[in-house]
Amino acid sequence: MEERVKPFGLWRYGKEFLDAGEEIKDPRKPENPLDHYAPTPAFYLVSHSIELFLKSYLRGKKKNLKELRNVGHNLVEALTLCEELGLNELIEVNEETKAEIELLNQTYASKDFEYFKQGYYELPYYERVCFFAENLRDATKDFVLSTT
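Position one of the sequence shown corresponds to residue 9 (our numbering), numbered consecutively onward.
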């Protein structure tokens with residue numbers, strides 16, 4: 009099983025989730041694009057794409073499946089591991105983006121996008137999350153292709 013999970017396969021899944029998330033966002037054009045509304049499934053899909061892009065990078069850096077499973081759905085942990093392994097050579101992740109990922113991770117890692125929980129939660133701007141996911145997709149593509 010280990011040899012069958014390739015970095016590019018994870019990356020391709022990430023691209024599919026990102027494409028789907030961008031497809032279902034609310035098509036209304038607000039005056040301020042950062043106020044763009046997105047439904048919960050769109051946030052889930054884009055969050056999952058980020059997880060898959062990060063894990064494709066980790067897999068390309070020879071992390072095994074057990075190590076990937078240990079990261080779970082924790083975007084902050086995955087991003088930190090990727091940065092330790094040189095992700096910053098491919099993409100700059102500034103402190104504002106890290107703060108947005110931390111905020112997104114509170115809902116994503118706890119599976120609150122998938123299982124309704126009463127109450128409110130704070131989310132980052134959807135467009136910024138998409139922008140990061142798109143940049144991550146583009147930055148990691150050549151790397152994961154070179155490891156396959």
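From the three backbone atoms N, C-alpha and C, an ideal C-beta is built for every residue, glycine too.
Check: For His56, the three-state DSSP class (helix, strand or coil); Outcome: helix
Check: Lys47 (DSSP reduced to helix, strand or coil); Outcome: Per the sequence shown, residue 47 should be read as Pro rather than Lys. Reduced to three states, the DSSP call for Pro47 is coil.
Check: Glu122 beta carbon near the ligand PLP (any heavy atom closer than 7 Å); Outcome: The ligand content of the structure shown is nil, which means the ligand PLP is not present either.
Check: Coarse secondary structure for Phe16, derived from DSSP in three states; Outcome: helix
Check: Own chain residues within Cβ distance below 7 Å of Asn82, not counting five before or after; Outcome: Asn113, Ala117
Check: Contact the segment 54-64 vs the segment 15-29: 3+ CB pairs below 8 Å; Outcome: yes
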